[in-house]
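**Student:** Numbering (the numbering used here), first residue to last: 1 to 224. All C-beta atoms in this analysis are idealised placements derived from N, C-alpha and C, irrespective of residue type, glycine included.
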Amino acid sequence: MSENLLQVDWSRADWVILDMDGTILDLAYDNYFWRELIPERYAWARGLSLEDARAELLPRFVEVQHTLPWYCTDYWSGITGLDVAGLKREIRQHIRALDGAEDFLRHVRDSGRQLWLATNAHRDSWTLKMEQTGLGHYFHHIVSSHDYGAPKEDPLFWQRFLADKPFERERALFVDDSLPVLQAARRFGVGQVVGLRHPDSTQPCRADFDWDPAADRIEQLIPR
Numbered sequence: 001m002s003e004n005l006l007q008v009d010w011s012r013a014d015w016v017i018l019d020m021d022g023t024i025l026d027l028a029y030d031n032y033f034w035r036e037l038i039p040e041r042y043a044w045a046r047g048l049s050l051e052d053a054r055a056e057l058l059p060r061f062v063e064v065q066h067t068l069p070w071y072c073t074d075y076w077s078g079i080t081g082l083d084v085a086g087l088k089r090e091i092r093q094h095i096r097a098l099d100g101a102e103d104f105l106r107h108v109r110d111s112g113r114q115l116w117l118a119t120n121a122h123r124d125s126w127t128l129k130m131e132q133t134g135l136g137h138y139f140h141h142i143v144s145s146h147d148y149g150a151p152k153e154d155p156l157f158w159q160r161f162l163a164d165k166p167f168e169r170e171r172a173l174f175v176d177d178s179l180p181v182l183q184a185a186r187r188f189g190v191g192q193v194v195g196l197r198h199p200d201s202t203q204p205c206r207a208d209f210d211w212d213p214a215a216d217r218i219e220q221l222i223p224r
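1. Have a look at Leu57 and Pro39 and give me their C-alpha separation to the nearest angstrom.
2. In terms of residues, what are the limits of the alpha helix (DSSP H) holding Val64?
3. Are three or more beta carbon pairs between the region 43 to 61 and the region 126 to 142 nearer than 8 Å?
4. Considering only the alpha carbon of each residue, which of Asp110, Leu117 and Arg54 lies closest to Ile225?
5. Fully enclosed by the region 111 to 192, which alpha helix (DSSP H) runs are 4 residues long or longer?
6. Among residues of its own chain, excluding the 5 on either side of Arg113, which ones have a beta-carbon nearer than 8 Å to its beta-carbon?
7. Out of Asp200, Pro166 and Arg160, state which residue places its alpha-carbon closest to the alpha-carbon of Asp176.
8. Could you pull the start and end residues of the beta strand (DSSP E) that Ile24 belongs to?
9. Rank Gln93, Ala85 and Phe104 by C-alpha distance to the C-alpha of Ala121 and give the top, closest one.
10. Compare the Cα-Cα distances from Ser125 to each of Ala163, His146, Arg169 and Lys165 and report the closest residue.
11. In this structure, does DSSP put Val8 in helix, strand or coil?
12. Looking at Ala206: is its Cβ nearer than 8 Å to the Cβ of Pro155?
13. Quick one: what's got a C-beta closer than 6 Å to Thr80's C-beta in the same chain, skipping five residues either side?
14. What three-state label does DSSP hand Trp44 in the structure shown?
15. Between Asp103 and Ile222, how many whole angstroms is the CB-CB distance? I'm expecting something under 8 Å.
16. Kindly indicate the opening and closing residues of the alpha helix (DSSP H) around Asp68.
17. Is there contact here, the region 87 to 101 with the region 58 to 65, by at least three beta-carbon pairs under 8 Å?
18. Return the chain-ordered list of same chain residues with a C-beta closer than 7 Å to the C-beta of Ile95, the five sequence neighbours on each side being excluded.
Listed below in C-alpha cells is the structure:
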C-alpha cells in the first residue's frame, strides 16, 4: 500500500477526471454482457450455435475496437438486430462499484477538488449505471465521448473536452484502466495519468499491464 500512496501528488491535482467502467465500476458487468449475453441472444435470434454466433460477432468487434461505434449501443443494435440498451437494463442488477471506489469519490469531493467523469459509454449506458449505483451525485460534470464525436483514445476528444470544460492540464489527475486512453491523455499533456490494473473483480489482476504509475484499485490512491 505504501508504494501506491506515492502515485499521486495531490498538491498538484485540482481537477480529478475519472473513467467509469473498470475504474470506479466493475468491468465484470460489461465483460459478461459482451462476451456472454450478446453472443447468446444473437445465437438465439439467428438460429445459430453459440460457437457460430461468436465467430460472426468477433470480426465485427475487432473492426471497430477503440473507435466511437465500439461504444455505441445504437450501432450494435443495428449490427445485431438486438435491443442492446434494453438488454443492458435487463441485467442492471449486476452493475456495481468496485471496492473502495465510493470512498475515493467521497474523499475527492470532501477535499474541495473538481471531480469529473469522462467516459466512452453511450448516454443510455452511463445514465443507467449512475442510476443503479447512485454515484452520479459525486461528480461536478459527467461527459461522454459521444458528446464530442471522438473516443478518449483520439486526440480530438481531448481537444473538444478542454474547449467545452476548461481545466488546467498540468494540474489535472486522470485515472483509467485502458492503455490507449492513458496514452492519449499523457500525449495531450494531462499532468498526472494513473492506470489501474484490476478493472474486473472476477478476473486476476493484470500483471502485464504496462503503465507507470499504476495501482490495483482506485482506493489505493487515497492518501492515508
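**Tutor:** Checking against the coordinates, here is how it stands:
1. 7 Å
2. Leu50 to Val64
3. no
4. Here the chain comprises residues numbered 1 to 224, so residue 225 is not present and cannot be evaluated.
5. Taken in chain order, the complete alpha helix (DSSP H) segments of 4 residues or longer contained in the region 111 to 192 are 123 to 133, 155 to 164 and 179 to 188.
6. The residues Ala13, Asp14, Trp15 and Val16, in chain order, have a CB closer than 8 Å to that of Arg113 in the same chain once the five nearest residues on each side in sequence are set aside.
7. Asp200
8. First-last for Ile24: undefined, no H or E at that position.
9. Ala85
10. His146
11. Coil, per DSSP.
12. Note on residue identity: the sequence assigns Arg, not Ala, to residue 206. Result no, Cβ atoms of Arg206 and Pro155 do not sit closer than 8 Å.
13. Tyr42
14. helix
15. 7 Å
16. According to the sequence displayed, residue 68 carries Leu and not Asp. Careful: Leu68 lies outside any alpha helix (DSSP H) and carries neither H nor E.
17. no
18. Leu25, Tyr29, Lys129, Gln132 and Thr133
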